[in-house]
Amino acid sequence: MNILLTSAGRRVSLLRAFRRAVENLKGSKIMAADCDPTAPTLIEADESFILPRVSSDRYIEELINICEQKKIDLVIPLIDPELPLLAGSKDIFYKIGCTVAISAPETVNIGNDKLATWNFFASNNIPAAQTFTKDEAQEKLIRHDLSFPVIIKPRCGSSSQGIIKCDTRDQLFFYISKEKDIIIQELLLGPEVTLDIMGDGQGGLLSLVPRKRLKIRGGEVERGITVDDGLFYNYVVKIVQILKPFGAINIQCFITGRGPVFTEINPRFGGGYPLADAAGARFPEMLIALARGEKVKPRIGQYQRGLLMSRFDEAFFISLENDPLGYSLMKL
Numbered sequence: 017m018n019i020l021l022t023s024a025g026r027r028v029s030l031l032r033a034f035r036r037a038v039e040n041l042k043g044s045k046i047m048a049a050d051c052d053p054t055a056p057t058l059i060e061a062d063e064s065f066i067l068p069r070v071s072s073d074r075y076i077e078e079l080i081n082i083c084e085q086k087k088i089d090l091v092i093p094l095i096d097p098e099l100p101l102l103a104g105s106k107d108i109f110y111k112i113g114c115t116v117a118i119s120a121p122e123t124v125n126i127g128n129d130k131l132a133t134w135n136f137f138a139s140n141n142i143p144a145a146q147t148f149t150k151d152e153a154q155e156k157l158i159r160h161d162l163s164f165p166v167i168i169k170p171r172c173g174s175s176s177q178g179i180i181k182c183d184t185r186d187q188l189f190f191y192i193s194k195e196k197d198i199i200i201q202e203l204l205l206g207p208e209v210t211l212d213i214m215g216d217g218q219g220g221l222l223s224l225v226p227r228k229r230l231k232i233r234g235g236e237v238e239r240g241i242t243v244d245d246g247l248f249y250n251y252v253v254k255i256v257q258i259l260k261p262f263g264a265i266n267i268q269c270f271i272t273g274r275g276p277v278f279t280e281i282n283p284r285f286g287g288g289y290p291l292a293d294a295a296g297a298r299f300p301e302m303l304i305a306l307a308r309g310e311k312v313k314p315r316i317g318q319y320q321r322g323l324l325m326s327r328f329d330e331a332f333f334i335s336l337e338n339d340p341l342g343y344s345l346m347k348l
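For the sequence shown, the residue numbers in the numbering used here are 17 to 348.
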């Protein structure tokens, strides 16, 4: 089984989780691709490849070439911008014997477009943070019908980038006039929980591991702890039945006086998945089995509650003194 993580960046822990998953599959390789030749996963992987940026017209073509040449069985996309591309191209990969761990284009769009996320939650009676377009927010401001504080988010942003808190009408008027493709959302207070979810692509839930976010750095959880799934299970079953995700997704919510209130759907592995893996989730093993056409038995509730993750920085040191890449990087 040859597995390729794309836009792998610094997801070394996830790469190692896949390596553990193939220990008993002789001849397997865990490979990584990224546009940055210094990405840590490229050092840790069994083989590594440099791809153009996801925005390049050559991205899919070059990725397909790698998959053909290296006989890749399973591709794991890891950043939001590449998800629509791979969702729309997965049939091409399938024809060369490669499974892409990606949901259908409609599901990916609901996750990537935060206005579509809100519309999905609202139309399916799933409690969610009140969300408004610029025009809707302006109308509510004129009518003095908007409670503060609120937050502004890029409609298609990721990694908590571009999020702005607004405490007053004047602040919101300023940013609405300045920012373009945004949504305005009520600010939720309470514990934030990420739900790591594995779907079989047919509407079946294979695994659910909730983890409370204790400390965030750069949009990614630095410290977290697994919690009980009771508050979330019925909502997740409903969401999975409707969206039919294939592979790993993660959903974010806050615990408020109204109960769980949902904010985002990310149709990919979450940055904090290593905590779920350490707690007993087996997403890599499940994905491998699905890619091999095997029936996968659900593992609902089979994880350790109260497992704390506290991350720290680790580094690779590679001598590039006589390497062309080193010459390029050392240039002043």
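Positions of the beta carbon are idealized from the N, C-alpha and C atoms, including for glycine. Being a predicted model, the structure only gives us computed values, none of them experimental.
Residue i and residue j closer than 8 Å at C-beta
i: phenylalanine 262; j: isoleucine 118; result: yes
i: arginine 159; j: aspartate 244; result: no
i: glycine 246; j: arginine 229; result: no
i: methionine 325; j: proline 283; result: no
i: leucine 211; j: leucine 224; result: yes
i: isoleucine 167; j: glutamate 195; result: no
i: valine 124; j: proline 97; result: no
i: alanine 307; j: aspartate 129; result: no
i: lysine 254; j: alanine 120; result: no
i: leucine 21; j: threonine 57; result: yes
i: glycine 219; j: valine 256; result: yes
i: phenylalanine 189; j: leucine 157; result: yes
i: glutamine 146; j: glutamate 202; result: yes
i: leucine 131; j: isoleucine 200; result: no
i: alanine 295; j: leucine 323; result: yes
Between the CA atoms of residue j and residue i - distance to the nearest angstrom
i: glycine 215; j: alanine 24; result: 22 Å
i: cysteine 114; j: glycine 309; result: 12 Å
i: valine 91; j: glutamate 39; result: 18 Å
i: glutamate 155; j: threonine 149; result: 10 Å
i: aspartate 107; j: leucine 221; result: 23 Å
i: methionine 47; j: arginine 74; result: 20 Å
i: alanine 153; j: leucine 162; result: 8 Å
i: aspartate 62; j: isoleucine 258; result: 37 Å
i: lysine 87; j: leucine 79; result: 12 Å
i: lysine 231; j: leucine 30; result: 20 Å
i: proline 300; j: valine 277; result: 28 Å
i: valine 116; j: phenylalanine 248; result: 28 Å
i: methionine 346; j: threonine 272; result: 51 Å
i: isoleucine 59; j: isoleucine 112; result: 27 Å
i: glycine 234; j: tyrosine 343; result: 30 Å
i: asparagine 18; j: arginine 227; result: 30 Å
i: lysine 42; j: phenylalanine 137; result: 44 Å
i: glutamate 77; j: threonine 133; result: 30 Å
i: glycine 173; j: valine 209; result: 19 Å
i: aspartate 151; j: serine 71; result: 30 Å
i: lysine 313; j: arginine 36; result: 19 Å
i: glycine 317; j: threonine 242; result: 12 Å
i: asparagine 250; j: aspartate 339; result: 55 Å
i: isoleucine 365; j: aspartate 186; result: The structure shown does not extend to residue 365, since the chain spans only 17 to 348, so no value can be given for it.
i: asparagine 394; j: glutamate 122; result: Missing from the structure shown is residue 394; the chain here goes from 17 to 348 and no further.
i: threonine 184; j: glycine 275; result: 27 Å
i: glutamate 84; j: leucine 67; result: 15 Å
For residue j and residue i, believed in contact at Cβ under 8 Å, the rounded distance
i: phenylalanine 65; j: isoleucine 82; result: 5 Å
i: glycine 127; j: isoleucine 281; result: 4 Å
i: valine 237; j: glycine 206; result: Going by Cβ atoms, the distance from valine 237 to glycine 206 rounds to 16 Å, so no, they are not a contact pair.
i: proline 170; j: cysteine 182; result: Contact doesn't hold; Cβ gap of about 15 Å is too wide.
i: isoleucine 213; j: asparagine 266; result: 7 Å
i: alanine 33; j: aspartate 293; result: 5 Å
i: arginine 298; j: arginine 315; result: 6 Å
Residue i: CB within 7 Å of a non-hydrogen atom of the ligand ATP
i: leucine 205; result: For the structure depicted, the ligand ATP is absent and the ligand set is empty, with no information on it obtainable.
- the segment 324-343 in contact with the segment 139-151 per 3-pair CB rule at 8 Å: no
- Task: Only counting runs of 3 or more residues, tell me where the beta strand (DSSP E) segments fall wholly within the segment 183-234, in order along the chain.
- Result: 198-202, 208-216 and 221-233
- contact_flag[the segment 50-62, the segment 22-39] where n(CB pairs < 8 Å) is 3 or more: yes
- Query: Quick one: complete beta strand (DSSP E) runs, 3+ long, within the segment 269-331?
  - Reply: 275-282 and 324-326
- Note down, one range per segment and in chain order, each alpha helix (DSSP H) of at least 4 residues found wholly within the segment 98-167. 99-111, 121-128, 130-139 and 150-158
- Output the residue ranges of the alpha helix (DSSP H) runs that lie fully inside the segment 74-100 and measure 4 residues or longer, sorted by chain position. 75-85
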